[in-house]
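See below for the structure under consideration.
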DNA sequence: TTTATGTGCAACTATTCGGTTTCGCAAGTT
DNA sequence: AACTTGCGAAACCGAATAGTTGCACATAAA
C-alpha cells in the first residue's frame with residue numbers, strides 16, 4: 001500500500017472531495033450526495049485521504065465530520081518548487097533541448 | 001485510459017524521471033540507467049508522460065531525447081491555487097472544524 | 001425496547017497499473 | 001551485406017485500484 005499524497009490526489013473523485021471539504025467540514029453522507037457513487041465508496045476515499053493525513057475527522061454524536069488538513073497540501077507545492085524556477089525564467093524547455101543537442105553534436 | 005497530469009505524477013518513478021529530465025534532455029537508455037527497471041519500463045513511463053504532454057521528444061539520429069514540458073507543470077500549481085489562500089491565512093483547518101461544529105450545534 | 005440513522009469494514013469483482021520478456025524496425029557501424 | 005545499437009509495441013502477469021453489496025455496531029429517536 002503506497003499511500004502518499006501524490007497517489008491520493010491522482011483520483012478525480014478524491015480531488016473533488018478535497019475541494020468540497022476544503023472550506024467546510026462535511027459528513028460522509030453529505031459528501032456522497034455530490035457524487036454518483038455509494039456512501040461506502042466515499043468512505044473508502046476518506047480512509048485513503050486520512051491515511052496520508054490529508055483529512056481530519058471530528059466525531060459529533062453519531063456523525064463524523066471530515067475536513068481538509070490544508071497544511072499537507074503544501075507538500076505538493078514544495079515538490080513543485082524545483083520546477084518553478086524553470087517556468088519562471090526566459091530559459092524554457094525548448095532552450096534545454098537545443099543546448100543539449102548542441103553539446104551532443106560537439 | 002485516464003491519462004491526466006495528476007495520474008501521471010502519482011508514480012514515484014515518473015516523478016523521478018520528470019526531475020531527471022527537467023534540466024537536460026535525455027534518451028530512454030540514459031534515463032533507465034538511473035533506475036532498477038528495464039529500458040522498456042521507462043519507455044512505458046515516457047509514453048504516459050508524453051500522452052499527457054508533460055514530456056517532449058526530439059529525434060537525433062537513432063536516439064530520441066526526452067525533455068520536460070515545464071509549462072504543463074503549471075497546471076498542478078493552478079489546481080493548488082484554490083488552497084493557497086487557505087494555508088496562507090491565519091484561519092487554518094482547525095478553525096474550519098470549530099466553526100462548522102458551532103453552526104451545527106445551533 | 002424497538003426502530004431508524006450514520007458510519008466503518010470485509011468480501012468480492014472488473015479494471016487498471018507497473019513490470020518483464022519477446023519481438024520488429026530503423027539507423028548507424030563493420 | 002551483415003552486425004550492432006536504440007528504440008517502441010505487443011503479449012503476458014501479479015498486484016493494486018475503485019467500485020459494489022452485505023454486514024456489524026453505535027447513537028439517537030419512537
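Chains as they are written, first to last, in our numbering: chain C, 1 to 106; chain P, 1 to 106.
Virtual Cβ for every residue (Gly too), placed ideally from N, Cα, C.
Q.
What does the alpha-carbon distance come out to for the pair residue 63(C) and residue 27(C)?
A. 7 Å
Q | Completely contained beta strand (DSSP E) runs for the region 30-97 of chain C, where each covers 3 or more residues | A | 55-60 and 63-68
Q: Answer with buried or exposed for residue 105(C), where buried requires no fewer than 16 other C-beta atoms within 10 angstroms of its C-beta.
A: Because the pLDDT at residue 105(C) is just 41, under 50, the model does not fix this residue reliably, and the value given afterwards should be weighed accordingly. By the neighbour-count rule (16 or more Cβ atoms within 10 Å), residue 105(C) is not buried but exposed.
Q. Listed from N- to C-terminal order along the chain, which residues in the region 3-19 of chain P have their beta-carbon within a distance smaller than 9 Å of any beta-carbon of chain C?
A. Residues 4, 6, 7, 8, 9, 10, 11, 12, 15, 18 and 19.
Q. Using the beta-carbon count (16 or more within 10 Å), is residue 19(C) buried or exposed?
A. The residue in question, residue 19(C), is exposed, as its Cβ has fewer than 16 Cβ neighbours within 10 Å.
**Q.** C-beta contact flag for residue 72(C) and residue 53(C) at 7 Å
**A.** yes
(Q) Quick check on residue 56(P): buried or exposed, where buried means 16 or more other Cβ atoms within 10 Å of its Cβ? (A) Burial call: buried.
Q) Taking the continuous alpha helix (DSSP H) assigned at residue 20(P), which residues delimit it? A) Element bounds for residue 20(P): 12-22.
Q. Residues of chain P with a CB under 7 Å from the CB of residue 77(C): which are they?
A. 80
Q.
Closer than 6 Å to a non-hydrogen atom of the ligand GDP - does that hold for the CB of residue 51(P)?
A. The ligand content of the structure shown is nil, which means the ligand GDP is not present either.
Q | Exposure of residue 40(C), with buried meaning 16 or more beta-carbon neighbours within 10 Å | A | exposed
**Q.** Collapsed DSSP secondary structure at residue 105(P) in the structure displayed
**A.** Confidence is the limiting factor: at residue 105(P) the pLDDT is only 43, short of 50, which leaves the residue's position unreliable, though a coordinate-based value still follows. It is helical.
Q) Which residue's Cα is closest to the Cα of residue 5(P): 61(P), 82(P) and 48(P)? A) For residue 5(P), the nearest C-alpha among the options comes from 48(P).
Q. How should residue 32(P) be labelled, buried or exposed, when 16 other C-beta atoms within 10 angstroms of its C-beta is the threshold for buried?
A. buried
**Q.** Beta-carbon separation (whole angstroms), residue 58(P) vs residue 67(P), contact threshold 8 Å
**A.** 7 Å
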